[in-house]
Amino acid sequence: MKKLISWHDSFSVKNEIIDSQHKKFIDIINKFYTIFKRKGSYDEMKAVLHEIKEYTVYHFTEEEAIMEKVGYPYLEEHKISHEKLIEKITNVEVKYRAGEITVNYEMMNLLRSWLTEHILKEDKLYVGFI
245 MKKLISWHDS FSVKNEIIDS QHKKFIDIIN KFYTIFKRKG SYDEMKAVLH
295 EIKEYTVYHF TEEEAIMEKV GYPYLEEHKI SHEKLIEKIT NVEVKYRAGE
345 ITVNYEMMNL LRSWLTEHIL KEDKLYVGFI
């Protein structure tokens with residue numbers, strides 16, 4: 245089945261830990277997309293949405309620790325960006341669980357855009373520091 249996102253070298257931030265976490269993120273989003281495409285159950289979708297949120301929190305915590313360790317000067321701004329993204333994902337999960345929204349192509353495109361833009365724009369800013 246077609247993937248929503250594929251890893252390519254332009255995503256690399258030249259840090260093995262962060263790159264492997266970004267690859268894992270892509271895998272989770274692709275799993276979500278696969279379930280969506282095959283019209284998976286509400287429970288399957290709910291579980292993967294939760295996994296996306298949980299992995300987002302885990303990854304951001306790890307990424308911020310690395311940035312702090314190397315003295316990244318824009319860490320606070322990056323943390324604010326992370327907090328906003330976690331809030332958006334949490335809101336989607338809550339609304340989906342409450343039946344207020346459904347999973348659709350727009351949501352898939354948002355996930356893809358969010359991940360690729362965050363890596364290619366914001367994460368690339370710390371490459372020279374790590």
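Heads up: the sequence shown begins at 245 in our numbering, then just goes up one per residue.
For every residue, glycine included, the Cβ atom is placed at its ideal position computed from N, Cα and C.
Just tell me which of the options has its CA closest to the CA of residue i.
{"i": "Ile333", "options": "Lys365, Glu298, Phe255", "result": "Glu298"}
{"i": "Ile392", "options": "Glu295, Val257, Ser264, Lys247", "result": "With the chain covering only 245 through 374, there is no way to say anything about residue 392."}
{"i": "Trp358", "options": "Ile262, Ile273, Asp263, Glu260", "result": "Ile273"}
{"i": "Phe269", "options": "Thr360, Gly372, Glu366, Phe373", "result": "Thr360"}
{"i": "Ile363", "options": "Glu288, Ser264, Ile345", "result": "Ser264"}
{"i": "Met352", "options": "Ile324, Val336, Trp251, Val257", "result": "Val336"}
For residue i and residue j, which I take to be in contact (beta-carbon distance under 8 Å), what is that distance rounded to the nearest angstrom?
{"i": "Lys290", "j": "Tyr340", "result": "7 Å"}
{"i": "Glu260", "j": "His322", "result": "Not a contact, Cβ separation roughly 19 Å."}
Tell me which same chain residues have a C-beta within less than 7 Å of the C-beta of residue i, skipping the five on either side of it?
{"i": "Tyr318", "result": "Leu369"}
{"i": "Gly284", "result": "none"}
{"i": "Glu312", "result": "Leu319"}
{"i": "Lys432", "result": "The structure shown does not extend to residue 432, since the chain is modelled only from 245 to 374, so the question has no answer here."}
{"i": "Ile344", "result": "According to the sequence shown, residue 344 is Glu rather than Ile. Taken in chain order, the list of residues that qualify is empty."}
In chain order, what residues of the same chain lie with their CB nearer than 6 Å to the CB of residue i, ignoring the 5 residues before and after it?
{"i": "Leu355", "result": "Ile273"}
{"i": "Thr316", "result": "According to the sequence as given, residue 316 is Tyr; it is not Thr. Excluding positions up to five away in sequence, the list reads Tyr370, Phe373."}
{"i": "Val347", "result": "Phe280, Met289"}
{"i": "Lys247", "result": "Asn274"}
Beta strand (DSSP E) runs contained entirely in the stretch 329 to 359, provided each spans 3 or more residues: Given a length threshold of 3 residues, the stretch 329 to 359 has no whole run of the beta strand (DSSP E) inside it.
At least three beta-carbon pairs within less than 8 Å, the stretch 299 to 318 to the stretch 275 to 287: At 8 Å Cβ cutoff, the stretches do not touch.
Every unbroken alpha helix (DSSP H) inside the stretch 259 to 307 [4 residues or more]: Fully enclosed alpha helix (DSSP H) runs of 4 or longer: 260 to 281.
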